[in-house]
Amino acid sequence: MSTSRVYAVSGGASGIGAATAELLRGLGHTVVTVDLRDADVVADLSTAEGRTTAVEGVRALAPVLHGLVPCAGVAGLTGVDPELLVSVNYFGALALVEGLRPELVRAEGAAVVLLSSNSVSCQPGWPAAVADACLAGDESAARAVAARVEAVQAYPASKAALAYWLRREAIAERWIGAGVRLNAVAPGLIATAMTDALRRDPVLGVFADAYPTALGRPGRAEEIAELIAFLLSDAASLLVGSVVFADGGTDAILNPRRPAPM
Ligand code: NAD
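Every number in my numbering is 143 more than the matching position in the sequence shown, counting from 1.
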């Protein structure tokens, strides 16, 4: 039996978000997209006003929300403001999750899929202080800590903070106790506008293909969308607080003995 559901996807104008929206719509679901452009709800998730616009815009179109994918994100490229990066990647994503919690709870069995990254376990030396500052929840303080590092370092820190938040919150009464499953995907290098920009980066471009994969190719946005659609579905009913890597084997190559024994 197929049931038509209502989902919200931020970053729906491009890459993984666009592929996810297309896949879910193809399965007969309704999808409300949020983005800076070309979206059902046009909003800037880096600002408080934009986040309010986003939450109210989704709420108006989806009083009951079966799933949320906060996919909008900023890459850690040369010249990118690390403060903007943490505001969009961490605080913008969680503003949607927290803001739309009533609509998710109303669905009586909703799911959220966050976008973490295999850069957390595969990119060495990122600053834990940025992740800690995000997790503490004070955006101004987190921006100040992020301002001390390059965007390329802030990026995995912002994605680690999302995974840590997920691990803390997914098991809590206010989420799983209210029937909302929280999980995340951790993609490797996926061919999108974001990684096209990485390849053009004058400093970091040489590293674009530096990470090995067992498949010998980048991922496709559609491959991540399939995983997200699974995590949103009832077929993933046992997954709570899981961070699912989808990276063609990069994490397995670089971290062969993980999970580590207790
Ligand atoms: P993309 O650049 O193709 O799409 C990102 C979207 O986010 C764009 O449409 C952009 O307009 C939107 N966005 C950016 N700032 C915004 C803001 N302030 N307000 C609203 N929307 C905003 O990127 P992608 O590769 O599809 O990445 C999607 C997500 O997946 C991101 O969170 C990214 O960090 C994560 N991710 C990507 C990869 C990869 O290799 N592509 C790997 C791991 C994780």
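All C-beta atoms in this analysis are idealised placements derived from N, C-alpha and C, irrespective of residue type, glycine included.
Query                                                                                                               : Result
Residue 187: CB within 6 Å of a non-hydrogen atom of the ligand NAD                                                 : yes
Whole-angstrom C-beta distance between residue 335 and residue 158, which should lie under 8 Å                      : 3 Å
heavy atom of the ligand NAD below 6 Å from residue 407 C-beta                                                      : There is no way to answer for residue 407, as the model of the chain reaches only from 144 to 405.
Residue 375 to residue 282 span [Cα, whole Å]                                                                       : 28 Å
Residue 314 classed as buried or exposed, judged by whether at least 16 other C-beta atoms fall within 10 angstroms : exposed
Check: residue 371 C-beta below 6 Å from any heavy atom of the ligand NAD                                           : no
Residue 139, DSSP secondary structure in three states                                                               : Because the chain is modelled from 144 through 405, residue 139 falls outside the range shown and cannot be assessed.
Neighbour flag for residue 372 against chain C, beta carbons, 7 Å                                                   : This model lacks chain C altogether, as it is built from one protein chain only.
Spatial distance of residue 161 from residue 180 (CA atoms)                                                         : 12 Å
Straight-line Cα distance separating residue 251 from residue 318                                                   : 11 Å
Every unbroken alpha helix (DSSP H) inside the segment 203-260 [4 residues or more]                                 : 225-229, 236-242, 244-249
Residue closest to residue 229, alpha-carbon to alpha-carbon, out of 379, 285, 381                                  : 285
From 243, 384, 231, 172, residue whose alpha carbon lies closest to that of residue 301                             : 231
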